[in-house]
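In this note's numbering, the protein residues as written are 7 to 222. Glycine included, C-beta positions come from ideal geometry on N, C-alpha and C. To start, the structure under review is shown below, and the notes come after it.
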Amino acid sequence: MATRPFIGVIDYGRGNLRSVAKALEKVGARVKVSGRPGELAGAAGLLLPGVGAFGDAMAALERRGLAALVRRQVREQRPLLGVCLGLQLFCRDSDEFGRHRGFGFFDLPVRRFGRGLKVPHMGWNAVHDPTGCPLFRGLRPDRPFYFLHSYRVRLDAKVPAARTVYGREAFAAALWRGALFATQFHPEKSQADGLLVYRNYWGLCRQGALRGRAAA
């Protein structure tokens with residue numbers, strides 16, 4: 007009997023795991039929160055949440071064997087979503103408390119907001135998506151989402167990105183490529199629109215699981 011699809015929420019000791027899991031459950035997803043790679047290996051999709059420092063988080067993922075799980079998910083082109091620090095970890099590097107290497111899925115640097123801007127950036131910002139990212143399907147244009155962060159990813163024309171502006175500084179609110187997605191904002195704190203983002207991700211995970219079964 008085939009296992010029912012679920013989203014694996016990666017527990018590496020850095021993240022608001024319960025609020026993320028509750029939001030996913032609210033849109034109908036089956037969820038498993040775990041820090042054990044073997045328990046998450048069969049997930050229809052993975053979600054990497056995160057708060058805290060970039061280098062510390064990356065070291066925790068490597069130490070627990072979870073970084074290898076994340077890399078395999080991308081290599082096999084299966085759904086993967088990073089949230090807040092998760093987005094930053096998917097990028098090339100960060101200069102938060104020194105220079106630290108990320109996963110490098112997006113060849114982009116993570117840098118602190120420029121001088122004159124209060125950090126952390128905290129609150130609601132309109133997000134503009136010119137790319138047609140599947141996570142935003144069904145949303146009205148330029149809907150606001152909730153942000154809480156001190157570091158950001160600058161926009162690059164080579165990388166598809168939804169965008170927002172803090173002060174005069176435009177930055178990536180979301181990144182995506184194939185089955186790889188990342189949001190700088192917190193969907194679980196963004197009310198109905200955030201739940202729709204998670205509903206769309208769950209739909210993508212289920213579609214991927216069905217395709218996998220059909221090919222088996």
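CA-CA distance, residue 142 to residue 115, rounds to 24 angstroms. Check the Cα spacing between residue 101 and each of 159, 17, 134, 19: the tightest is with 159. By the beta-carbon neighbour count (other beta carbons within 10 angstroms, threshold 16), residue 194 is buried. With contact defined as three or more Cβ pairs closer than 8 angstroms, the stretch 43-52 and the stretch 146-161 are not in contact. Between the beta-carbon of residue 171 and that of residue 189 there is about 16 angstroms, and that puts the pair past the 8 angstroms contact cut.
The stretch 93-111 makes no contact with the stretch 133-141, as fewer than three CB pairs between them are under 8 angstroms.
Here residue 196 is buried. Its C-beta has 16 or more other C-beta atoms within 10 Å. Counting along the chain, the unbroken beta strand (DSSP E) around residue 180 starts and ends at 175-183. Note that the C-beta distance between residue 56 and residue 95 is below 8 angstroms. The three-state reading of DSSP puts residue 125 in coil, since its state is none of H, G, I, E or B.
Of the other Cβ atoms in all chains shown, 16 or more fall within 10 Å of the Cβ of residue 17; this residue is therefore buried. Just measuring C-alpha positions, the residue of 32, 212, 181 sitting nearest residue 201 is 32. Counting along the chain, residue 133 sits inside no alpha helix (DSSP H), nor does DSSP assign it H or E at all. Contact holds between the stretch 164-184 and the stretch 116-125, because three or more Cβ pairs, one in each stretch, are under 8 angstroms apart. Ranked by how close their Cα comes to the Cα of residue 183, the residues 138, 72, 22, 73 have 138 in first place. For the stretch 28-63, the continuous beta strand (DSSP E) assignments of 3+ residues that do not extend past its boundaries occur at 37-40, 51-54, in sequence order. With a beta-carbon spacing of about 6 angstroms, residue 210 and residue 140 fall inside the 8 angstroms limit used to define contacts. In the same chain as residue 103, and ignoring 5 residues on each side of it, the C-beta atoms closer than 7 angstroms to its own belong to 59, 61, in chain order. Taking all protein chains in view, the Cβ of residue 39 is crowded by 16 or more other Cβ atoms within 10 Å, so the residue is classified as buried. For the pair residue 13 and residue 66, the Cα-to-Cα distance works out to about 21 angstroms.
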